[in-house]
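Numbering (this note's numbering) for the sequence shown: 8 to 555.
From the three backbone atoms N, C-alpha and C, an ideal C-beta is built for every residue, glycine too.
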Amino acid sequence: MTTKQTPKTEPDCDVVVVGAGFAGIYALHQARQRGFSVRGFERGTDVGGTWYWNAYPGARCDVESYNYAYFFDNDIVRDWDWSDACAGHDEIQRYLRFAAERCDVLKDITFNTKVLSVIYDENTGLWSLRTGAGETVVCRYAVLAIGALSDPKAPDIKGVDSFAGEAYFTSSWPKDRSVDLSGKRVGVIGTGSSGVQVVPEVAKVAAEVTVFQRTANYVTPTRSGPMDQNVVAGLREDPQAVRRAFRESYGGHTPLAIGDERFTELDAAGRERALQKAWKGKYVELAFRDTYLPEANAAISDFIRERMQEQVDDAWTAQHLVPWDHPYGGKRPCMSNVYLQTFNQPNVRLVALPETPIEEIIPTGIRTSTETIPLDVIVYATGFDAISGPVFAIDISGIDGCSMKDAWVDGPMNYLGTMVYGFPNLFLPSSAMSPSVLSNMATLAEQQIDFIFDTIDWLEQHGRPLLHPLPKSQEHWREETLRYAKRRPGALTTKSWYSGANVPGKARVFMVYCGGFKRYNQTCYGELEEGFPGYELLASPQSAGTTG
Ligand code: N01
Numbered sequence: 008m009t010t011k012q013t014p015k016t017e018p019d020c021d022v023v024v025v026g027a028g029f030a031g032i033y034a035l036h037q038a039r040q041r042g043f044s045v046r047g048f049e050r051g052t053d054v055g056g057t058w059y060w061n062a063y064p065g066a067r068c069d070v071e072s073y074n075y076a077y078f079f080d081n082d083i084v085r086d087w088d089w090s091d092a093c094a095g096h097d098e099i100q101r102y103l104r105f106a107a108e109r110c111d112v113l114k115d116i117t118f119n120t121k122v123l124s125v126i127y128d129e130n131t132g133l134w135s136l137r138t139g140a141g142e143t144v145v146c147r148y149a150v151l152a153i154g155a156l157s158d159p160k161a162p163d164i165k166g167v168d169s170f171a172g173e174a175y176f177t178s179s180w181p182k183d184r185s186v187d188l189s190g191k192r193v194g195v196i197g198t199g200s201s202g203v204q205v206v207p208e209v210a211k212v213a214a215e216v217t218v219f220q221r222t223a224n225y226v227t228p229t230r231s232g233p234m235d236q237n238v239v240a241g242l243r244e245d246p247q248a249v250r251r252a253f254r255e256s257y258g259g260h261t262p263l264a265i266g267d268e269r270f271t272e273l274d275a276a277g278r279e280r281a282l283q284k285a286w287k288g289k290y291v292e293l294a295f296r297d298t299y300l301p302e303a304n305a306a307i308s309d310f311i312r313e314r315m316q317e318q319v320d321d322a323w324t325a326q327h328l329v330p331w332d333h334p335y336g337g338k339r340p341c342m343s344n345v346y347l348q349t350f351n352q353p354n355v356r357l358v359a360l361p362e363t364p365i366e367e368i369i370p371t372g373i374r375t376s377t378e379t380i381p382l383d384v385i386v387y388a389t390g391f392d393a394i395s396g397p398v399f400a401i402d403i404s405g406i407d408g409c410s411m412k413d414a415w416v417d418g419p420m421n422y423l424g425t426m427v428y429g430f431p432n433l434f435l436p437s438s439a440m441s442p443s444v445l446s447n448m449a450t451l452a453e454q455q456i457d458f459i460f461d462t463i464d465w466l467e468q469h470g471r472p473l474l475h476p477l478p479k480s481q482e483h484w485r486e487e488t489l490r491y492a493k494r495r496p497g498a499l500t501t502k503s504w505y506s507g508a509n510v511p512g513k514a515r516v517f518m519v520y521c522g523g524f525k526r527y528n529q530t531c532y533g534e535l536e537e538g539f540p541g542y543e544l545l546a547s548p549q550s551a552g553t554t555g
């Protein structure tokens, strides 16, 4: 029997933050710094978000540690030593715990607790969040820092549940025990960033590894290795200057190297020279100053394809590991010094699914159109229902009881990547139509949380109205997102999770704003400085009394 609860008319706290990754930890800190009462909820047993869940062997970040870190606090920058220029998942998770401890926000977080619903009450102008533990918390501002890649996609393969061996997802690798793959026959499905990282690790110990590849990906050399202490010293000298520079950049970080010549001004020999130099310097994607031009991108794509094939001994395997169907950047590219060479090991084999598709997973292995492959273990590196998936995983409803699922039935709609019409005072950092996954997510977390709390401060100073964007602002922002996507080679012609193409039936909308970080930041703060002309302000039924 369910008992109907009387809705609360007063908030339990000013702000609720859902999620304790980069954005969530910083949101809790900002709430505290600005004097708000706050509660945090996290479904994991510790902070870390992405870096908590994706604990598969080989998981590491390919955005360099120089950039992929917080910069809001000088002491955090100066007191943390990264062991690698591309830190591993466990180190990043420890770093986030260190930052959370420094900010003293752990006490605000209820761990191991999923938020199931986020419901707006029009009578009070308050948000009511209900958890899996049965708790209801009412607040004035809800910040859903739930990540863009946190809702694993179902493998959508017949017979998944029939497999009698062990099965693991890279996106929820066991944390409570070690997984021993030694001497086993392992199948890995998926060759995106996670697959490319996990395959070499599995191949070190497994008796046989079969890699099931639907689409090949670009793989360029990783920048993993010792930290350059001169760069570190430069960052530590004035972290706030670094922070400002990131926000003035295109990608939310400062690339360590970039070609100094233009593709359009070089002859064929000059282009080849620039590409060779960039390959050695590990910045091939930025080999030219005008690398964004389709013709420069085509040259870069061809060059990488050649370098990839050179690393693989078997001609058929080499040919199939190379992405012929899309230009560099159409899908999220991968970085590894060892992935391609792994296929030279006698215990590793590629199955090209476009030629021999998986027909069924059976109790003893995987049956393709031509053979049955016996397996002890299947590793699913099959990706995520990206960006909108985590939002849909929570039951969110706003004005007139409109659900987010209905509001986004034709794909995500929002303004400036943070707020949605009909959902006043609800904030969605790391979500659709922000620079998100095509920028430095750590910079984005800080920028969006700053903008959100500057907005909240503004609302507090202006009589606490309720704020949500105008529909025409959302339409304009979606058009802007599309306009910049059209300029990005492969963005609209490649089947990728950027546009929802990896999930059957998902609305196809390019979900990442590619206008650059600087423009994004300026547009956000332009709204704030002008008193939010792109939004509607509604009078709040709630009195001005605060919790404290
Ligand atoms: O997921 P993905 P991911 N049958 O979607 C295949 C970030 N990340 O976890 O391409 C067979 O990229 C699918 O095939 P296709 C990063 O932003 C960062 O690897 O759809 N195959 C694809 O090969 C990244 O982009 C880091 O044809 C199936 C793979 O599974 C994002 O997370 C590390 C299938 C999924 O690749 C997601 O990466 C890891 C099926 N039914 C992740 N379904 C670093 O910073 C899916 N696939 C290094």
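C-beta atoms of residue i and residue j nearer than 8 Å
| i | j | result |
| --- | --- | --- |
| Arg296 | Asp320 | no |
| Pro442 | Gly259 | yes |
| Arg192 | Pro353 | no |
| Lys160 | Asp392 | yes |
| Leu474 | Pro436 | no |
| Tyr387 | Ile196 | yes |
| Phe434 | Leu151 | yes |
| Met440 | Tyr542 | no |
| Ala498 | Gly390 | no |
| Ser438 | Ile394 | yes |
| Pro496 | Met426 | no |
| Tyr290 | Pro262 | yes |
Unbroken alpha helix (DSSP H) run spanning residue i, endpoints
| i | result |
| --- | --- |
| Gly277 | Ala275 to Gly288 |
| Asp82 | Asn81 to Asp86 |
| Gly194 | Counting along the chain, Gly194 falls outside any alpha helix (DSSP H), though it belongs to the beta strand (DSSP E) covering Arg192 to Ile196. |
| Leu113 | It is not in any alpha helix (DSSP H) - Leu113 carries neither H nor E in the DSSP assignment. |
| Ala452 | Met448 to Gln468 |
| Ile369 | It is not in any alpha helix (DSSP H) - Ile369 instead sits in the beta strand (DSSP E) that spans Ile365 to Ile369. |
| Trp323 | Ala322 to Leu328 |
| Tyr527 | Phe524 to Glu536 |
| Val70 | Run containing Val70: none; DSSP gives neither H nor E here. |
| His483 | Pro478 to Lys493 |
| Arg374 | Unbroken run through Arg374 is the beta strand (DSSP E), Gly372 to Thr375; no alpha helix (DSSP H). |
7 Å CB neighbourhood of residue i in its chain, flanking five on each side removed
| i | result |
| --- | --- |
| Ala508 | Lys502 and Arg515 |
| Glu367 | Lys165, Gly166 and Arg374 |
| Ser231 | Arg67, Asp91, Ala92 and Cys93 |
| Ser256 | Phe524 and Lys525 |
| Ala551 | In this prediction, Ala551 scores a pLDDT of 47, lower than 50, which makes its location untrustworthy; no coordinate-derived value is stated. |
| Ile83 | Tyr77, Ala106 and Arg109 |
| Gly65 | Gln204, Val205, Pro207 and Glu208 |
| Pro370 | Ser169, Phe170 and Ala171 |
| Phe43 | Asp21 and Val22 |
| Leu545 | Pro431, Pro472 and Leu473 |
| Thr229 | Asp69, Cys93, Met342, Ser343 and Asn344 |
Own chain, CB closer than 6 Å to residue i, minus 5 neighbours either side, in chain order
| i | result |
| --- | --- |
| Cys341 | Ser200, Val203, Asn224 and Val226 |
| Arg46 | Cys20, Val23 and Val144 |
| Thr553 | Legend: pLDDT at Thr553 = 40, less than 50; position of this residue unreliable, no value from coordinates given. |
| Gly405 | Tyr127, Gly429 and Phe430 |
| Trp58 | His96, Ile99 and Gln100 |
| Thr324 | Phe350 and Leu357 |
| Arg137 | Leu123, Ser124 and Thr143 |
| Ser506 | Arg515 and Phe517 |
| Gly555 | At Gly555 the pLDDT is 32, less than 50, meaning the model places this residue with poor confidence; the figure from the coordinates comes in the next sentence. Ser44, listed in sequence order. |
Where the beta strand (DSSP E) through residue i begins and ends
| i | result |
| --- | --- |
| Tyr175 | Glu173 to Phe176 |
| Val386 | Val384 to Tyr387 |
| Gly47 | Val45 to Phe48 |
| Gln220 | Glu215 to Gln220 |
| Asp21 | Cys20 to Val25 |
| Val144 | Thr143 to Leu151 |
| Trp134 | Leu133 to Thr138 |
Check: residue i C-beta below 7 Å from any heavy atom of ligand 2
| i | result |
| --- | --- |
| Ser480 | What this structure holds is ligand 1, not ligand 2. |
Neighbourhood of residue i by C-beta, 8 Å cutoff - its chain only, sequence neighbours within 5 removed
| i | result |
| --- | --- |
| Tyr175 | Tyr63, Pro181, Val186, Val384, Ile385, Val386 and Tyr387 |
Any chance the stretch 106-120 sits against the stretch 269-289, with 3 or more Cβ pairs inside 8 Å? no
May I ask you to verify whether the stretch 452-466 touches the stretch 479-498, counting CB pairs closer than 8 Å and requiring at least 3? no
How about the stretch 245-252 and the stretch 282-292: do they share at least three Cβ pairs that are nearer than 8 Å? no
Within 8 Å, do at least three Cβ pairs link the stretch 73-85 to the stretch 122-134? no
Kindly confirm or deny that the stretch 205-217 and the stretch 37-51 touch, where touching means at least three C-beta pairs closer than 8 Å. no
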